[in-house]
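Enquirer:
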Amino acid sequence: MRKFFYSISFYFSRWFYVAGAIITAMFIGAWFLPGLQQAASVLLLCLAVIVVFDFILLFASKKTVTAERILPPRFSNGDENKIILHLHNLRPYKLHLTIIDELPVQFQERKWKRETTIASGSDTNIEYLLKPTERGEYQFGIINIFIEGPLKMVIRHVRKGEEATVAVYPSYLQMRRFQLMAATNQLQESGSRQLRKLGQSLEFEQIREYVSGDDYRTINWKATARKNGLMVNNFMDERSQQVICLIDKGRTMKMPFDGMTLLDYAINATLVLSNMVLLKQDKAGMLTFGKKIDQFIAPDKKTSQLSYILETLYKQETNFSDSDFEALYATIRYRIKQRSLLILFTNFESFYGMERQLPYLRQIASHHPLLVVFFENTELRHLQEKSAATLEGIYEQTIANKFALEKRLIVKELHKHGIMAMLTTPHNLTANTINKYLELKARQVG
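Here is the structure:
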């Protein structure tokens, strides 16, 4: 019996306090109208009886409701992940429930609450979405359920479900979305575009009928004479090109946008791009660096390559120190012997910052095709678009325009030295990077 009383947890409902306040007011009024005291005493007795009966109905049985939290095997960073709470009513009457799920501390969500009503013996599902903004392990607690008594005076608190840990990986949902679009030729919907080849691979595939837009130089005149219709030679895309993503984990990649750091945007884009590279029968590789060279995955197109890249990206950690581009160049010269397309994810916030690294970028570009991808500051764009009504606002807008101009000058300066460059917003990073890869592949840059 003692164990039972220690284990119970209950609260009084809002209606109990409303009734108690009315009865208290009646007792106070009895000082001026003595006739109210008898009525107040009767109401107080009725309230006590109702509370006792409500308490007995709530705690008459240990069986209340069952609750199960259904989680995906892992979360996708930067995407909406669906969680389902499955509830089943074991009581012979309808229950009104208030559910509070103990969410991981990373979300800093202290007001999460859902209410539902379940008929006797019925089930219901509560679905909600969570969007993590950093990789790592997320710890869920128990499910707190508050059951309102049939007489609406007492609320019973029960704890259901189990604690669970979910790992947050780079955006594999985004990767699957682009993979599906590539399989159904719907990449244009995501901002990707098809580009006409500027050259031809030497690997012959088949002879097919001419369609509008084909290069007339590929017409096969012998097959045309036999078929009495225009026929063209079809060549396969050049395959087994090496594409290596270089991820800067330095201080400049710590800047946050929409809750995520630039580093996490680069990691998500690397995963999606690596998957696209493998779909195109090219070899995907990866190198991460900061103050020192960290992880290097040699380019390959084996079936396990994408899983290896995913696990490596998940484990990336950094203290956001200054990056050593000299060490990056030395590693590329020593470890990457075959000519490869290098895609460097970094960030330059000033022209001076780019000039410091330009000698190393030029040396890298002299041995491999190099694409430098860095980020547009969207907060500056908002400041540029906002009308300036005060002198201080004019100063701020002028400085914002100066920094935005420097970003564009960085692109031109890199182009002047034969280095490909792309300036993009964090949200459009993945689509724009895939666009650029497909463009370079169509032009047979490699």
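Count along the sequence shown starting at 1, add 23, and that's the number in the working numbering.
Note that CB positions come from ideal geometry on N, CA and C, so glycine has one too.
Quantities reported herein were computed from a predicted structural model and do not represent experimental measurements.
Taking only three categories from DSSP, how would you classify E103?
Expert: On the sequence shown, position 80 is the one that residue 103 refers to. E103: coil per DSSP, three-state reduction.
Enquirer: My output table needs one value for Y116: the three-state DSSP class, helix, strand or coil.
Expert: Taking the first residue of the sequence shown as 1, we reach residue 116 at position 93. Here Y116 sits in coil by DSSP.
Enquirer: Have a look at L70, L152, I122 and L120 and flag the residue whose alpha-carbon is nearest the alpha-carbon of I106.
Expert: For the purposes of this step, residue 106 is taken as residue 83 along the sequence shown, with counting starting at 1. The residue with the shortest Cα to Cα distance from I106 is L152.
Enquirer: Thinking V177 and V88 are a contact (beta carbons under 8 Å), I'd like their distance in whole angstroms, please.
Expert: Walking along the sequence shown from the start, residue 177 turns up at place 154. Walking along the sequence shown from the start, residue 88 turns up at place 65. With 8 Å as the limit, V177 and V88 do not qualify as a contact, their Cβ atoms being about 16 Å apart.
Enquirer: Alpha carbons only, please: which of E372, R431, L403 and K430 is nearest the one belonging to Y418?
Expert: Locating residue 418 in the sequence shown gives position 395, where the first residue counts as 1. Comparing Cα positions, the closest option is L403.
Enquirer: Excluding five sequence neighbours on each side, which residues of the same chain lie with their C-beta closer than 6 Å to the C-beta of L81?
Expert: Within the sequence shown, residue 81 is the residue found at index 58, counting from 1. Cβ within range, chain order: G172, V177 and R179.
Enquirer: By a C-beta neighbour count over all protein chains shown, 10 Å radius and 16 as the cutoff for buried, is G282 buried or exposed?
Expert: In the sequence shown, residue 282 corresponds to position 259, counting from 1. By the 10 Å Cβ count, G282 comes out exposed.
Enquirer: Name, in chain order, the residues that DSSP records as bridge partners for Y151.
Expert: Start at 1 with the first residue of the sequence shown, and residue 151 comes out as number 128. Answer is I106.
Enquirer: Which class does L364 belong to by DSSP, given the choice of helix, strand or coil?
Expert: Locating residue 364 in the sequence shown gives position 341, where the first residue counts as 1. When secondary structure is reduced to three states using DSSP, L364 falls in the strand class.
Enquirer: Indicate whether the contact test is met: 3 or more Cβ pairs, each with one atom in the segment 111–126 and one in the segment 59–69, closer than 8 Å.
Expert: no
Enquirer: Please name the residue in T354, V468, F343 and I270 whose C-alpha comes closest to that of T335.
Expert: By one-based count along the sequence shown, residue 335 stands at place 312. Its Cα nearest to that of T335, the residue I270 stands out among T354, V468, F343 and I270.
Enquirer: Could you check which residue in L126, L70 and A142 has the C-alpha nearest to that of I45?
Expert: Residue numbering aside, residue 45 sits at position 22 when the sequence shown is read from its first letter. L70 is the residue among L126, L70 and A142 whose C-alpha sits nearest the C-alpha of I45.
Enquirer: Which full runs of the alpha helix (DSSP H) of 4+ residues lie inside the segment 385–411, going along the chain?
Expert: Within the segment 385–411, the complete alpha helix (DSSP H) runs of at least 4 residues are 401–408.
Enquirer: Between the segment 337–351 and the segment 229–247, do at least 3 Cβ pairs fall closer than 8 Å?
Expert: Verdict: no, contact absent.
Enquirer: Does the segment 357–367 come close enough to the segment 404–416 that 3 or more CB-CB pairs lie under 8 Å?
Expert: no
Enquirer: Please work out which residues of its chain come closer than 6 Å, Cβ to Cβ, to A487, disregarding the five sequence neighbours upstream and downstream, and give them in chain order.
Expert: In this structure the chain extends from 24 to 469, so residue 487 is not present and cannot be described.
Enquirer: With H, G and I counted as helix, E and B as strand and the rest as coil, what does DSSP make of M299?
Expert: Here residue 299 corresponds to residue number 276 of the sequence shown, with the count starting at 1. Note: M299 maps to helix in three-state DSSP.
Enquirer: How is Y34 classed by DSSP in three states: helix, strand or coil?
Expert: Here residue 34 refers to the residue found at position 11 when the sequence shown is read from its first residue. Three-state DSSP puts Y34 in a strand.
Enquirer: Is the segment 152–166 touching the segment 183–202, taking contact as three or more C-beta pairs under 8 Å?
Expert: yes
Enquirer: Tell whether a beta-carbon distance below 8 Å holds between I320 and Y331.
Expert: Taking the sequence shown and counting its residues from 1, the one referred to as residue 320 is at position 297. Taking the sequence shown and counting its residues from 1, the one referred to as residue 331 is at position 308. Closer than 8 Å, so yes.
Enquirer: Quick one: any contact between the segment 194–206 and the segment 118–129, if contact means 3 or more CB pairs under 8 Å?
Expert: The segment 194–206 vs the segment 118–129: no contact.
Enquirer: Whole angstroms are fine: how far does the CA of D237 sit from the CA of A454?
Expert: To locate residue 454, count along the sequence shown from 1; it is residue 431. To locate residue 237, count along the sequence shown from 1; it is residue 214. Approximately 26 Å, taken between the alpha carbons.
Enquirer: Since R385 contacts I442 with CB under 8 Å, what's their CB separation in whole angstroms?
Expert: As a working note, residue 385 is residue 362 in the sequence shown. As a working note, residue 442 is residue 419 in the sequence shown. Sure, about 7 Å apart at Cβ, within 8 Å.
Enquirer: Once the 5 residues before and after L221 are set aside, which same chain residues still bring their CB inside 6 Å of it?
Expert: Indexing the sequence shown from 1 puts residue 221 at position 198. For L221, the predicted structure reports a pLDDT of 45, less than 50, and the residue's modelled location is therefore unreliable. The matter cannot be settled from this model.
Enquirer: Assign R182 to one of two classes, buried (16 or more other C-beta atoms within 10 Å of its C-beta) or exposed (fewer than that).
Expert: Here the question's residue 182 lines up with position 159 in the sequence shown. It counts as exposed.
Enquirer: D323 to M299, Cα distance in whole Å?
Expert: Indexing the sequence shown from 1 puts residue 323 at position 300. Indexing the sequence shown from 1 puts residue 299 at position 276. So the alpha carbons of these two residues sit roughly 13 Å apart.
Enquirer: In the structure shown, what three-state DSSP assignment does V434 receive?
Expert: Mapped onto the sequence shown, residue 434 falls at position 411. Helix, per DSSP.
Enquirer: Beta-carbon separation of I316 and L351 under 8 Å?
Expert: Translated into the one-based positions of the sequence shown, residue 316 becomes position 293. Translated into the one-based positions of the sequence shown, residue 351 becomes position 328. Yes, the pair counts as a contact, with Cβ atoms nearer than the cut-off.
Enquirer: Please confirm whether I457 and L286 have their CB atoms less than 8 Å apart.
Expert: If you number the sequence shown from 1, residue 457 lands on position 434. If you number the sequence shown from 1, residue 286 lands on position 263. No. Outside cutoff.
Enquirer: Just the Cα atoms here: how many angstroms apart are H450 and R97?
Expert: Locating residue 450 in the sequence shown gives position 427, where the first residue counts as 1. Locating residue 97 in the sequence shown gives position 74, where the first residue counts as 1. Looking at the two C-alpha atoms, the distance is approximately 22 Å.
Enquirer: Give the DSSP-derived three-state secondary structure of D317 in the structure shown.
Expert: Translated into the one-based positions of the sequence shown, residue 317 becomes position 294. Three-state result, D317: strand.
Enquirer: Please go through the same chain and pick out, in chain order, the residues whose beta-carbon is closer than 7 Å to the beta-carbon of D77, but skip the five residues on each side of it.
Expert: Here residue 77 refers to the residue found at position 54 of the sequence shown. Excluding sequence neighbours, D77 sits near G172, P173, L174, M176 and V177.
Enquirer: Per DSSP, what are the beta-bridge partners of P279 in this structure?
Expert: In the sequence shown, counting from the first residue as 1, residue 279 sits at position 256. Paired residue(s): T284.
Enquirer: Taking the straight line between their C-alpha atoms, what separation do you get for N257 and K303?
Expert: One-based indexing of the sequence shown puts residue 257 at position 234. One-based indexing of the sequence shown puts residue 303 at position 280. Distance between the alpha carbons of N257 and K303: 17 Å.
Enquirer: Alpha carbons only, please: which of F397, A142, T421 and T47 is nearest the one belonging to E408?
Expert: Your numbering for residue 408 matches position 385 in the sequence shown. For the residues F397, A142, T421 and T47, the minimum Cα distance to E408 belongs to T421.
Enquirer: Is the separation between the beta-carbon of M445 and that of K464 shorter than 8 Å?
Expert: Here residue 445 refers to the residue found at position 422 of the sequence shown. Here residue 464 refers to the residue found at position 441 of the sequence shown. Cβ atoms of M445 and K464: not closer than 8 Å.
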